[in-house]
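Novice: Chains Z and E are the protein sequences, given in the same order. For the first sequence, position 218 matches number 218 in the numbering used here, and the numbering has no gaps at all. For the second sequence, position 70 matches number 1070 in the numbering used here, and the numbering has no gaps at all. Structure provided below as structure tokens; questions to follow.
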Amino acid sequence: MLPQLILNGIIAGSIYAVIAIGFTVIYRTVKFFHFAHGVVYTIGAYFAYTLIISLHFNLILSFFLSIVLAALLGIAIDRSVYYPLRQQNASNLIFLLASFGVFIFLQNLIQLIYGAQILTIRTGPIKEGHHFYGAVITDIQILILVVSIILMIFLWLFIQKTKLGKAMRAVADDPVAANVVGINPERIIRTSFAIGSALAGAAGILISFETNIEPTMGFSALLKGIIASIIGGIGSIPGAVLGGFFLGLAENLGIWKISAGWKDCIAFLILIIFLLIRPWGFLGTKTEKETI
Amino acid sequence: MLLEVRSLTVYYDTVLALDNISLTVSEGEIVAMIGPNGAGKSTALKAICGLLKPRSGEILFQGENINDKQPYQLVEKGLCLVPEGRRVFTSMTVSENLEMGAYTVSSGQFSALRRRNRQPRTDIRHLLDKVFVLFPVLKERRKQRAATLSSGEQQMLAIGRALMLKPKLLLLDEPSLGLSPNYVDTVFENIKQINTDGTTILLVEQNARMALEYADRGYVFEIGKIAFEDKAKNLLENDEVRKSFLGEH
């Protein structure tokens, strides 16, 4: 039982981590909670569903195409909603409310198009998983884990090594200073929404290979991503990864002795504990004054 | 004329911060803007570099109106700001900070530096070395995170970052603020050196006496207006300026 729970925890954690790093990339640049991130995750899954089931595209092509579409969706959300608000110097509260609005609007739009029922992307017969140290792991789960880790490594290299990635760190540190050295802030915001949304979309696509999809799936994923970001240290990319895996493991190990229905409860309990005793998370900075 | 500001008026929301001021900076000069807190000198600097939008008036850089330009657009034109409080990128290393100073190089196919210097390619390392000649301490600390530097070293980093592209006009906002006294001297010596190397300088400074000792000309600000303008030497000798602005009796 225990090895299986640990494995489940790692797999869930890898999805949480991918959502959380996407959320963090956007948060670092714009400094508000982009709640619509959750619906981008949902739409990523529905893009994959449309391409694979309705249009019979092949799996790998659908995966990449859906990621690109999710990135474009992120840019479109920023351009159509946040950009006009930025022009008016709106407060963070306004951005927060607007992002909720986008979330609800797009979630209902999915429901309108696809219906509220559960959909499934089943691409082949159900196979028995591989036995691995007393646990069972399926091909799809291996795929989820491997792709998630590749995405994390790619993001890390991008942020650390490329010129655009460094400019994103500069804007995260100090947007005004970045502006005066010649970095166009709008360009960095656009890039952040593209990358962050691509990651949300990727997480949604990966999960759609494993479980059913439904229009409301984004909300709990969003909350897990945010909790992972907060316990990891808001604004820290390694923190978001750490927070994601920690949350996945804690949730799954927590239900070892109690009913599985308590999973979400465990996640929020962890959040509350962190907010009370270590609000800056694992890797965040203590002195930083953060605003939602 | 490198920079010409004509009848500039700036408001913060509804509060008048700068009332119809005009000033000029010629190539090769060091010009100081001094005056008490809230007199508008920092506001003037922020308006020139595009961080604030003026209500009315004109800002001309090399004869071109730059009223509507953002700071990042002015960097390519050769106008760089060292912001108040240094504002280095604290989580990045010293060399990454300097690299960001050269961000606009080859970011598009029409890099400003290439056009200006007519060089086929500009190596970032070459630009870095030039800054390290001026600030050897930055070379020693190039792998350190900027947060670990002393405030004096951070000021050098902020200036070095702005110098990466060898701007035509360097704007400095309170370069001596929060520095220990011996660093204040060093920073002003550096400014003098940068000027000798061919960069025109416009600076805002609380330390009025120090600024005027190094500057060619000065503008004395008082409640949103320019009260005096003259050669720095004359301002230092002007009785009224000495009494009201340099704290002498």
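Glycine included, every Cβ here is placed at the ideal spot set by N, Cα and C. All values derive from a computational prediction rather than experimental measurement.
Looking at the unbroken alpha helix (DSSP H) that takes in E:Gly1057, where does it start and where does it end?
Specialist: For the purposes of this step, residue 1057 of chain E is identified with residue 57 of the second sequence, where counting begins at 1. From DSSP, E:Gly1057 is part of no alpha helix (DSSP H) but of the beta strand (DSSP E) over 1056 to 1061.
Novice: Can you tell me where the alpha helix (DSSP H) with Z:Gly201 in it begins and where it stops?
Specialist: Residue 201 of chain Z sits at position 201 when you count from the first residue of the first sequence. From DSSP, the alpha helix (DSSP H) with Z:Gly201 extends over 185 to 210.
Novice: Whole angstroms are fine: how far does the CA of Z:Ser208 sit from the CA of Z:Gln141?
Specialist: Looking up residue 141 of chain Z in the first sequence gives position 141. Looking up residue 208 of chain Z in the first sequence gives position 208. Cα to Cα, Z:Gln141 sits roughly 11 Å from Z:Ser208.
Novice: Show which residues of chain E have a CB atom less than 9 Å away from the CB atom of Z:Val293.
Specialist: Limits of chain Z in this structure are 1 at one end and 292 at the other, which puts residue 293 of chain Z out of reach.
Novice: Taking 7 Å as the threshold (C-beta atoms), are Z:Ala203 and Z:Ile67 in contact?
Specialist: Position 67 of the first sequence, counted from the first residue, corresponds to residue 67 of chain Z. Position 203 of the first sequence, counted from the first residue, corresponds to residue 203 of chain Z. Contact: no.
Novice: Pairs of beta-carbons, one from the region 1014 to 1030 of chain E and one from the region 1043 to 1062 of chain E, closer than 8 Å: are there three or more?
Specialist: A contact exists between the region 1014 to 1030 of chain E and the region 1043 to 1062 of chain E.
Novice: How many angstroms separate the CA atom of Z:Val102 from the CA atom of E:Asp1129?
Specialist: For this step, residue 102 of chain Z is matched to residue 102 along the first sequence. For this step, residue 1129 of chain E is matched to residue 129 along the second sequence. Cα to Cα, the separation comes out at about 49 Å.
Novice: For E:Val1015 and chain Z, any beta-carbon pair shorter than 7 Å?
Specialist: As a working note, residue 1015 of chain E is residue 15 in the second sequence. No - not a single Cβ of chain Z is within 7 Å of the one on E:Val1015.
Novice: Is it buried or exposed, E:Thr1199, if we count other Cβ atoms within 10 angstroms and call 16 or more buried?
Specialist: Residue 1199 of chain E sits at position 199 when you count from the first residue of the second sequence. That one is buried.
Novice: If you check the beta carbons only, do E:Ala1227 and E:Ile1034 fall under 7 Å apart?
Specialist: For the purposes of this step, residue 1227 of chain E is taken as residue 227 along the second sequence, with counting starting at 1. For the purposes of this step, residue 1034 of chain E is taken as residue 34 along the second sequence, with counting starting at 1. Contact: no.
Novice: Thinking just about the alpha-carbon of each residue, which of Z:Gly13, Z:Asn252, Z:Leu2 is nearest to the one in Z:Ile149?
Specialist: Numbered from its first residue, the first sequence carries residue 149 of chain Z at position 149. Checked all of Z:Gly13, Z:Asn252, Z:Leu2; the closest Cα to Z:Ile149 is Z:Gly13.
Novice: Between E:Thr1090 and chain Z, is there a C-beta pair that is closer than 7 Å?
Specialist: Working through the second sequence from its first residue, we reach residue 1090 of chain E at position 90. With 7 Å as the cut-off, E:Thr1090 counts as an interface residue toward chain Z.
Novice: Could you tell me which of Z:Pro215, Z:Tyr49, Z:Ser192 sits nearest to Z:Arg79, measuring between CA atoms?
Specialist: Residue mapping note: residue 79 of chain Z aligns to position 79 of the first sequence, counting from 1. The shortest Cα separation from Z:Arg79 among Z:Pro215, Z:Tyr49, Z:Ser192 belongs to Z:Ser192.
Novice: Which residues mark the beginning and the end of the beta strand (DSSP E) in which Z:His130 is found?
Specialist: To locate residue 130 of chain Z, count along the first sequence from 1; it is residue 130. From DSSP, the beta strand (DSSP E) with Z:His130 extends over 130 to 132.
Novice: Taking only the alpha-carbon atoms, compute the straight-line gap between E:Leu1163 and Z:Leu7 and give it to the nearest angstrom.
Specialist: In the second sequence, counting from the first residue as 1, residue 1163 of chain E sits at position 163. In the first sequence, counting from the first residue as 1, residue 7 of chain Z sits at position 7. Their backbone Cα atoms lie some 53 Å apart in a straight line.
Novice: Which partner residues of E:Asn1065 appear in the DSSP bridge assignment?
Specialist: Walking along the second sequence from the start, residue 1065 of chain E turns up at place 65. DSSP lists E:Leu1060 as partners of E:Asn1065.
Novice: Would you report the Cα separation of Z:Thr24 and Z:Ser236, rounded to the nearest angstrom?
Specialist: For this step, residue 24 of chain Z is matched to residue 24 along the first sequence. For this step, residue 236 of chain Z is matched to residue 236 along the first sequence. Roughly 7 Å between the two C-alpha positions.
Novice: Is there a Cβ of chain E sitting closer than 7 Å to that of Z:Arg187, yes or no?
Specialist: Locating residue 187 of chain Z in the first sequence gives position 187, where the first residue counts as 1. No, because no Cβ of chain E sits closer than 7 Å to the Cβ of Z:Arg187.
Novice: Please state whether DSSP places E:Ala1032 in a helix, a strand or coil.
Specialist: Indexing the second sequence from 1 puts residue 1032 of chain E at position 32. Note: E:Ala1032 maps to strand in three-state DSSP.
Novice: Got a sec? Which residues, its chain only, sit under 6 Å from E:Arg1118 by beta carbon, not counting five neighbours each side?
Specialist: Locating residue 1118 of chain E in the second sequence gives position 118, counting from the first residue. In this predicted model, E:Arg1118 has a pLDDT of only 48, less than 50, meaning its place in the structure is not dependable; the value taken from the coordinates is given anyway. Contacts found: none.
Novice: Starting from Z:Ile43, follow the alpha helix (DSSP H) in both directions and report where the run begins and ends.
Specialist: Here the question's residue 43 of chain Z lines up with position 43 in the first sequence. That run of the alpha helix (DSSP H) goes 37 to 49.
Novice: Are the C-beta atoms of E:Gly1101 and some chain Z residue less than 7 Å apart?
Specialist: Against the second sequence, residue 1101 of chain E aligns to sequence position 101. Closer than 7 Å: yes.
Novice: What did DSSP end up calling Z:Tyr114 once you bin it into helix, strand or coil?
Specialist: On the first sequence, residue 114 of chain Z is found 114 positions in, with the first residue counted as 1. Reduced to three states, the DSSP call for Z:Tyr114 is helix.
Novice: Select from the region 73 to 96 of chain Z all residues with a C-beta closer than 8 Å to any C-beta belonging to chain E, and list them in chain order.
Specialist: From the region 73 to 96 of chain Z, no residue has a Cβ closer than 8 Å to chain E.
Novice: Do the CB positions of Z:Val181 and E:Gly1101 come within less than 7 Å of each other?
Specialist: The sequence position of residue 181 of chain Z within the first sequence is 181, counting from 1. The sequence position of residue 1101 of chain E within the second sequence is 101, counting from 1. A contact, by the Cβ cut-off of 7 Å.
Novice: Can you name, in chain order, every residue of its own chain whose Cβ lies under 8 Å from the Cβ of Z:Ile75, other than the five neighbours on each side?
Specialist: Residue mapping note: residue 75 of chain Z aligns to position 75 of the first sequence, counting from 1. So the qualifying residues of the chain are Arg190, Phe193, Ala194, Ser197.
Novice: If we count the other Cβ atoms within 10 Å of its Cβ and call it buried at 16 or more, is E:Gln1185 buried or exposed?
Specialist: If you number the second sequence from 1, residue 1185 of chain E lands on position 185. This sequence places Asp at residue 1185 of chain E; Gln is not what is there. Exposed, by the Cβ-count rule.
Novice: Quick one: does E:Thr1251 have its CB under 7 Å from some CB of chain Z?
Specialist: Not covered by the structure: residue 1251 of chain E. The range shown for chain E is 1001 to 1249.
Novice: Which stretch, first to last residue, makes up the alpha helix (DSSP H) that contains E:Thr1196?
Specialist: Counting from 1 along the second sequence, the entry for residue 1196 of chain E is found at position 196. 1181 to 1196 is the extent of the alpha helix (DSSP H) around E:Thr1196.
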